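Asks:
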């Protein structure tokens, strides 16, 4: 059991920005490039390919000549990879007195020539009975512009194809013939499949984390791990089955690494597979203290285990106590449901709130009450595509002027998540989209059990895009929207806006079409949209700040002006003043250990400048 150190989510407002200027070092004596003839590559790309090291101040003519020869070769190879085999590159470095200039001038002249294309393409196999890879499945095709990366991808696909048919020892290589007269390249792939291998046995070598001597064995059940492998003795080995086995074990997040390799046995055609893996420390206890602008000061303690009983089952328990909110969370997860790649999760949460005027002084574990249970199945279909289907039970007891209101709802929710990002925690390039269809309704109708009556549906789309504008700046955009079909009861609150990840000048879910008894009415058929824009400016770059100085920690700092705008309305009705939300402001982000973002935002409503608030959070707003 690992006990994590106490961590605080608070962060002092960074007045240290002024001190950070001390860490900024002068730019080195870098040359200035004068580039002519570059059409295929941008001037910036050319500079990045041939940029000399920082220490050029003491270079003599001979040093520059050596560099120019290497740079011309590297630039020529980059053009060859794109099919420009007739390219001519000449680089003229500085000479004589110009070496002492603050920014010496380097002349780069490029004659790109004509781009070659693929002509004939063949796949050659030795004599024998082997499966045939269809030429039409290759990326390399006749008349297509030459691209070296396509050759690598086709070679990889050939090895995967024959590996999936049992030829795990297959080898593949390509030979190229250049037709300079017709500016064409003939490609011949040569594949040596070898012999198909037959599975014999699976050997397990699983160690515990931190066991450098290899004396301890893993906690995970050997019988369970063997059951996850689909092949049996005598089956033809398949690279696909081996990869699926590895992916299953990795998806549990119970291992630091998982590797499977094959080893031929005495017969030469029978193979033993050896699984090498290292288990993580499966359990931990976490303690934290925090402050939140809505619930005040608080503390939390939690226990989690990623491999209960050695059966790759997950368990979580967390108790949180704050000034105006108390919460108990119980979670269970089965990452490989019945040995498949489908994940099952069940989360049970109980919350007590004292954050509204009518319940401010009720004391801990009193006030408004909420119980929530969620069961869901999820599956990662592709690296960028995940589907989730589940059911929810939600019960609420809320104090209003007219008395205590109680709601009990059961929902079915199905979502599709599409994500292509360079970094899931702090994206600088890419998009993410979530599409959701929900169906829900009250469990009780006039005191009677009614699971299928008074149902309603809703559709929702959430979208975000991240557009880089150089190394310094990322434009982050968000556009969300949805509508209900039928009165949503407590489910309507899903569309209410306001809070640290919504309209940041408003309280949590305070933007709604109608307020009754000081709280938002949920007896409506709502629709909403939300748009946000952020300019994530990162001024402290490795090219300016010393990576060895005391201020290297500022490299993860971002300055972010932002704007939010959203509306919530009842379908078929006019937009009301309380259903409109606006926020403008600025904030700071600090990327901590590439795991999460410490975020401080200051937001206000441009219609009412007196409505201001600070926001402290541990993630980007979107």
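In my numbering, the protein residues as written are 7 to 628. Here a beta-carbon is modelled for each residue, glycine too, at the ideal position from N, C-alpha and C. Just so it is clear, the structure is predicted and the values come from calculations on it, not from any experiment.
Starting from residue 164, trace the alpha helix (DSSP H) in both directions and tell me its first and last residue.
Replies: As a working note, residue 164 is residue 158 in the chain shown. Looking at the DSSP string, the run of the alpha helix (DSSP H) that includes residue 164 is 154-170.
Asks: In chain order, which continuous runs of the beta strand (DSSP E) of length 3 or greater are located wholly inside the segment 510-577?
Replies: 532-543, 563-576
Asks: Touch check for the segment 292-299 and the segment 209-225: three-plus C-beta pairs under 8 Å?
Replies: no
Asks: Alpha carbon to alpha carbon, how far is residue 76 from residue 193? Give it in angstroms, no decimals.
Replies: Taking the chain shown and counting its residues from 1, one reaches residue 193 at position 187. Taking the chain shown and counting its residues from 1, one reaches residue 76 at position 70. Roughly 29 Å separates the two Cα atoms.
Asks: Less than 8 Å between C-beta atoms, sequence neighbours within five positions excluded: which residues of the same chain meet that for residue 55?
Replies: In the chain shown, the residue the question calls residue 55 occupies position 49. Here the set comprises 47, 77, 80, 81, 84.
Asks: Using C-beta distances below 7 Å, list every residue in its chain close to residue 166, excluding the 5 sequence neighbours before and after it, in chain order.
Replies: In the chain shown, residue 166 corresponds to position 160, counting from 1. Only residues of its own chain outside the window of five on either side were considered, and among them 245 have a CB closer than 7 Å to the CB of residue 166, listed in chain order.
Asks: Can you give, in chain order, each stretch of the beta strand (DSSP E) that sits fully within the segment 292-364 and has at least 3 residues?
Replies: 302-311, 320-328, 331-340, 349-359
Asks: Give me whichever residues DSSP pairs with residue 464 in a beta bridge.
Replies: By one-based count along the chain shown, residue 464 stands at place 458. Looking at the DSSP assignment, residue 464 forms a beta bridge with 444, 490.
Asks: Please report the distance separating the alpha-carbon of residue 114 from that of residue 45.
Replies: Position 108 of the chain shown, counted from the first residue, corresponds to residue 114. Position 39 of the chain shown, counted from the first residue, corresponds to residue 45. Answer to the nearest angstrom: the Cα atoms are 13 Å apart.
Asks: Output the boundary residues of the alpha helix (DSSP H) element that contains residue 85.
Replies: For this step, residue 85 is matched to residue 79 along the chain shown. Counting along the chain, the alpha helix (DSSP H) containing residue 85 begins and ends at 67-87.
Asks: Taking only three categories from DSSP, how would you classify residue 474?
Replies: By 1-based counting over the chain shown, the position of residue 474 is 468. DSSP places residue 474 in strand when its eight states are reduced to three.
Asks: Quick check: does the Cβ of residue 140 come within less than 6 Å of any heavy atom belonging to the ligand SAH?
Replies: Within the structure as shown, the ligand SAH is missing, as the structure has no ligands at all.
Asks: Reducing DSSP to helix, strand and coil, say where residue 34 ends up.
Replies: Within the chain shown, numbered from 1, the residue matching residue 34 stands at position 28. Its pLDDT being 46, under 50, residue 34 is placed unreliably in this model, and the value from its coordinates should be taken loosely. Looking at residue 34 - three-state DSSP - the assignment turns out to be coil, as it is neither helix nor strand.
Asks: Considering only C-alpha positions, which residue in the set 609, 340, 578 is nearest to residue 513?
Replies: Within the chain shown, residue 513 is the residue found at index 507, counting from 1. Considering only 609, 340, 578, the residue with the shortest C-alpha distance to residue 513 is 609.
Asks: Measuring alpha carbon to alpha carbon, tell me which of 402, 582, 476 ends up nearest residue 499.
Replies: Here residue 499 refers to the residue found at position 493 of the chain shown. It is 402 whose Cα lies nearest to the Cα of residue 499.
Asks: On the three-pair Cβ rule with 8 Å, is the segment 178-196 touching the segment 256-266?
Replies: no
Asks: Tell me the residue span of the beta strand (DSSP E) that contains residue 420.
Replies: Along the chain shown, read from residue 1 onward, the residue named residue 420 stands at position 414. Per DSSP, residue 420 belongs to the beta strand (DSSP E) from 409-427.
Asks: Within 7 Å (strictly less), CB to CB, does residue 398 reach chain B?
Replies: The displayed structure is made up of one protein chain only, and chain B is not part of it.
Asks: Since residue 124 and residue 164 should fall inside the 8 Å C-beta cutoff, what is the C-beta to C-beta distance between them, to a whole number of angstroms?
Replies: Here residue 124 refers to the residue found at position 118 of the chain shown. Here residue 164 refers to the residue found at position 158 of the chain shown. Not a contact, Cβ separation roughly 16 Å.
Asks: Could you compute how far the alpha carbon of residue 100 sits from the alpha carbon of residue 50?
Replies: Here residue 100 refers to the residue found at position 94 of the chain shown. Here residue 50 refers to the residue found at position 44 of the chain shown. Looking at the two C-alpha atoms, the distance is approximately 20 Å.
Asks: By DSSP, does residue 607 sit in helix, in strand, or in coil?
Replies: Translated into positions along the chain shown, residue 607 becomes position 601. Looking at residue 607 - three-state DSSP - the assignment turns out to be strand.
Asks: As a quick exercise: from 536, 599, 510, pick the residue whose alpha carbon is nearest that of residue 567.
Replies: Indexing the chain shown from 1 puts residue 567 at position 561. Of 536, 599, 510, the residue nearest in Cα terms is 510.
Asks: Considering residue 254, what are the terminal residues of the beta strand (DSSP E) in which it resides?
Replies: Numbered from its first residue, the chain shown carries residue 254 at position 248. No beta strand (DSSP E) contains residue 254, which is instead part of the alpha helix (DSSP H) from 245-257.
Asks: Report all residues from its chain with a CB closer than 7 Å to the CB of residue 534; omit the five preceding and five following residues, and keep chain order.
Replies: Start at 1 with the first residue of the chain shown, and residue 534 comes out as number 528. Closer than 7 Å at Cβ, skipping near neighbours: 487, 488, 501, 503, 572, 573, 574.
Asks: Alpha helix (DSSP H) containing residue 51: first to last residue?
Replies: Here residue 51 refers to the residue found at position 45 when the chain shown is read from its first residue. Under the DSSP assignment, residue 51 falls in the alpha helix (DSSP H) whose first and last residues are 49-56.
Asks: Using alpha carbons as the reference points, say which of 150, 506, 145, 356 lies closest to residue 160.
Replies: Numbered from its first residue, the chain shown carries residue 160 at position 154. Comparing alpha carbon positions, the residue from 150, 506, 145, 356 closest to residue 160 is 145.
Asks: In whole angstroms, what is the alpha-carbon distance linking residue 133 and residue 157?
Replies: Here residue 133 refers to the residue found at position 127 of the chain shown. Here residue 157 refers to the residue found at position 151 of the chain shown. Rounded to whole angstroms, residue 133 to residue 157 spans 24 Å at the Cα level.
Asks: In this structure, does DSSP put residue 624 in helix, strand or coil?
Replies: Counting from 1 along the chain shown, the entry for residue 624 is found at position 618. Here residue 624 sits in coil by DSSP.
Asks: On the CB-based measure, 16 or more other CB atoms within 10 Å of its CB, does residue 72 come out buried or exposed?
Replies: Counting from 1 along the chain shown, the entry for residue 72 is found at position 66. Label assigned to residue 72: exposed.
Asks: In whole angstroms, what separates the C-alpha of residue 247 from that of residue 339?
Replies: One-based indexing of the chain shown puts residue 247 at position 241. One-based indexing of the chain shown puts residue 339 at position 333. Roughly 24 Å between the two C-alpha positions.
Asks: Identify every residue that forms a DSSP beta bridge with residue 182.
Replies: Stepping through the chain shown from its first residue, residue 182 is reached at position 176. According to DSSP, which records beta bridges pairwise, residue 182 is partnered with 193.
Asks: Checking 7 Å against the spacing of the C-beta atoms, do residue 343 and residue 354 come in under that value?
Replies: As a first step, residue 343 is located in the chain shown; it is residue number 337 there, counting from the start. As a first step, residue 354 is located in the chain shown; it is residue number 348 there, counting from the start. No, Cβ-Cβ distance for residue 343 and residue 354 is not below 7 Å.
Asks: Less than 7 Å between the C-beta atoms of residue 413 and residue 496, yes or no?
Replies: Here residue 413 corresponds to residue number 407 of the chain shown, with the count starting at 1. Here residue 496 corresponds to residue number 490 of the chain shown, with the count starting at 1. Yes; because the gap between Cβ atoms is below 7 Å, this pair is in contact.
Asks: If residue 394 sits next to residue 384, beta carbons under 8 Å apart, how far is it from one beta carbon to the other, in whole angstroms?
Replies: The residue given as residue 394 occupies position 388 in the chain shown. The residue given as residue 384 occupies position 378 in the chain shown. Cβ atoms of residue 394 and residue 384 come within 8 Å of each other, at about 4 Å.
Asks: Quick one: residues in its chain with C-beta nearer than 6 Å to the C-beta of residue 356, no 5 flanking neighbours on either side, listed in chain order?
Replies: What you label residue 356 is simply residue 350 of the chain shown in a count that begins at 1. Only 334, 377 meet the Cβ criterion.
Asks: The beta strand (DSSP E) that contains residue 384, what's its start and end?
Replies: Position 378 of the chain shown holds residue 384. Taken as a continuous stretch (DSSP letters only), the beta strand (DSSP E) holding residue 384 covers 374-388.
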